[in-house]
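In our numbering, the protein residues as written are -7 to 301. The beta carbon of each residue, even a glycine, is placed where N, CA and C say it ideally should be.
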Amino acid sequence: MKVTVVGAGNVGATCADVLAYKEIVEEVVLVDIKEGVAEGKALDIWQKAPINTYDTRTVGSTNDYSKTAGSDIVVITSGLPRKPGMTRDDLIETNAGIVKTVTESVLKHSPEAIIIVVSNPLDVMTYQAHLVSKLPRTRVMGMAGILDTARYRAFLAEALDVSPKEIQAILMGGHGDTMVPLPRYTTVAGIPVTELIDKDKLDAIVERTKNGGGELVKLMGTSAWYAPGSAAAQMVEAIAKNQRRVFPVCVKLEGEYGISDCYLGVPVILGKNGIEKIIELDLNEDEKALLETSRKHVREVMEVLDKLS
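Encoded structure:
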């Protein structure tokens, strides 16, 4: 199996490295527009194969998409971060153009590929990839929920002083401060988390999760890459190995949760065909209200892209 990762920055390179190290696929192609960067990072990853004992071949390419031909899965991480003086609309216009070009380029050589979008703003870039590709919604998805849920679980593990392996959680909505963590669906080795932690502490963890990306930007002066890259790789693994794992994934809703024509994170089953099934949880009124707030926010951002078209 062959996977292409477009964008050899921190997130893309981390994704490629995890895919290689875990031997999830036979070949990983790393593509970037900067001369030599993808080739260099792919070579670096390949040179540590004897050290970490894996067989996955990593290949780099500077904007030559012919090397991506026959890819089963494509991960799009390319795009610019928001810079000082840049409005949200500026960022959307710039990155939408990048995602459009990348989507067209990869599908020219791999028309049967499943697309995973990591570029920001995540929800609207997934929308853009879907518009451009004209693929079924089951084959175009965004990576956000796995990352956001991982942060939530990590914070809970720290607060409870338990292994993060023991914590299961679901998080819904848009990628940003309107995301919807669901404590009612959060467990620690099957025990409801609400039985193990005070409400005030849990609420504080929920708020920290919503601002998880911003916290890292303040600390490092740039956005995260280890966790986002690993999250994208985990989605690739679920598809490549037909694991049928349940993950929160950004997908176009067509009536689920009473929402249509909006890209939101919801729990799905990921397998060899991409999104095998969208799972509809029985949300209570408070949870529905939070999801509706998130929907309105994402829809507003989608409309910015619509006006640019």
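Exercise for review: Answer with buried or exposed for T69, where buried requires no fewer than 16 other C-beta atoms within 10 angstroms of its C-beta.
Suggested key: Along the sequence shown, one-based indexing puts residue 69 at 77. In summary, T69 is buried, with 16 or more beta-carbon neighbours lying within 10 Å of its beta-carbon over all protein chains present.
Exercise for review: May I ask you to list the residues that DSSP assigns as paired with K(-6)?
Suggested key: For the purposes of this step, residue -6 is identified with residue 2 of the sequence shown, where counting begins at 1. Partner(s): E19.
**Study point:** Cβ-Cβ separation, V3 to V109 (assumed contact under 8 angstroms), whole Å
**Key:** Within the sequence shown, numbered from 1, the residue matching residue 109 stands at position 117. Within the sequence shown, numbered from 1, the residue matching residue 3 stands at position 11. That pair is no contact at about 12 angstroms.
Practice item. Under 6 angstroms Cβ to Cβ from P173, same chain only, skipping five residues before and after it: list those, please. Key: Counting from 1 along the sequence shown, the entry for residue 173 is found at position 181. Leaving aside the five residues that flank P173 on each side, the residues in its chain whose CB is nearer than 6 angstroms to its CB run, in chain order, Y144, L163, V198, T201.
Check your understanding: What's the gap between the Cα of M(-7) and the Cα of A225?
Key -> The sequence position of residue -7 within the sequence shown is 1, counting from 1. The sequence position of residue 225 within the sequence shown is 233, counting from 1. Distance between the alpha carbons of M(-7) and A225 is about 14 angstroms.
Point to revise | Completely contained beta strand (DSSP E) runs for the region 117 to 204, where each covers 3 or more residues | key: Inside the region 117 to 204, DSSP marks whole beta strand (DSSP E) runs of 3 or more residues at positions 132 to 134, from first to last along the chain.
Check your understanding: Based on the DSSP secondary-structure assignment, which residues constitute the bridge partners of T6?
Key -> In the sequence shown, the residue the question calls residue 6 occupies position 14. BP columns for T6 are empty, so no partner.
Practice item. Give me whichever residues DSSP pairs with D24 in a beta bridge. Key: Along the sequence shown, one-based indexing puts residue 24 at 32. Under DSSP, the beta-bridge partners assigned to D24 are T54.
Check your understanding: Is the region 250 to 264 touching the region 232 to 242 in the sense that three or more CB pairs, one from each, lie closer than 8 angstroms?
Key -> Taking one beta carbon from each stretch, the region 232 to 242 and the region 250 to 264 have 3 or more pairs nearer than 8 angstroms; the two touch.
Check your understanding: Candidates P103, L72, S301: which alpha carbon is nearest K114's?
Key -> Position 122 of the sequence shown, counting from 1, holds the residue named residue 114. For clarity, residue 114 is Leu in the given sequence; the question names Lys instead. For L114, the closest alpha carbon among the candidates P103, L72, S301 is that of L72.
Practice item. Determine the direct distance from the alpha carbon of V23 to that of D56, and round the result to whole angstroms. Key: The residue labelled residue 56 in the question sits at position 64 within the sequence shown. The residue labelled residue 23 in the question sits at position 31 within the sequence shown. Taking the straight line joining both Cα atoms gives about 8 angstroms.
Review point. Which same chain residues, not among the five before or five after A149, have their C-beta less than 8 angstroms away from its C-beta?
Key: Position 157 of the sequence shown, counted from the start, is the residue given in the question as residue 149. The residues are S155, P156, E158, I159.
Check your understanding: What is the rounded straight-line gap between the Cα of T50 and the Cα of V20?
Key -> Counted from its first residue, the sequence shown places residue 50 at position 58. Counted from its first residue, the sequence shown places residue 20 at position 28. Taking the straight line from one Cα to the other gives about 5 angstroms.
Point to revise | Closest residue to I106 among M135, D81, D82 (Cα-Cα distance) | key: Locating residue 106 in the sequence shown gives position 114, where the first residue counts as 1. Out of M135, D81, D82, M135 has the C-alpha closest to the C-alpha of I106.
Point to revise | Nonlocal neighbours in the same chain, by C-beta distance under 6 angstroms from E279, ignoring five residues either side | key: Residue 279 sits at position 287 when you count from the first residue of the sequence shown. Nothing listed; no residue qualifies.
**Study point:** Supposed contact pair A12 and T48 - C-beta distance, whole angstroms, cut 8 angstroms
**Key:** For the purposes of this step, residue 48 is identified with residue 56 of the sequence shown, where counting begins at 1. For the purposes of this step, residue 12 is identified with residue 20 of the sequence shown, where counting begins at 1. For a cut-off of 8 angstroms, the C-beta gap from T48 to A12 is around 4 angstroms, short enough to register as a contact.
Check your understanding: Nearest to T(-4) by alpha carbon, out of E207, G28, T60, Q39?
Key -> Looking up residue -4 in the sequence shown gives position 4. It is T60 whose Cα lies nearest to the Cα of T(-4).
Check your understanding: Going by the CB atoms, is the gap between L139 and I189 shorter than 8 angstroms?
Key -> Counted from its first residue, the sequence shown places residue 189 at position 197. Counted from its first residue, the sequence shown places residue 139 at position 147. No, they are not a contact pair.
Point to revise | 4 or more residues per run - each alpha helix (DSSP H) lying fully within the region 60 to 114 | key: As far as the region 60 to 114 is concerned, its whole alpha helix (DSSP H) runs of at least 4 residues are 80 to 101.
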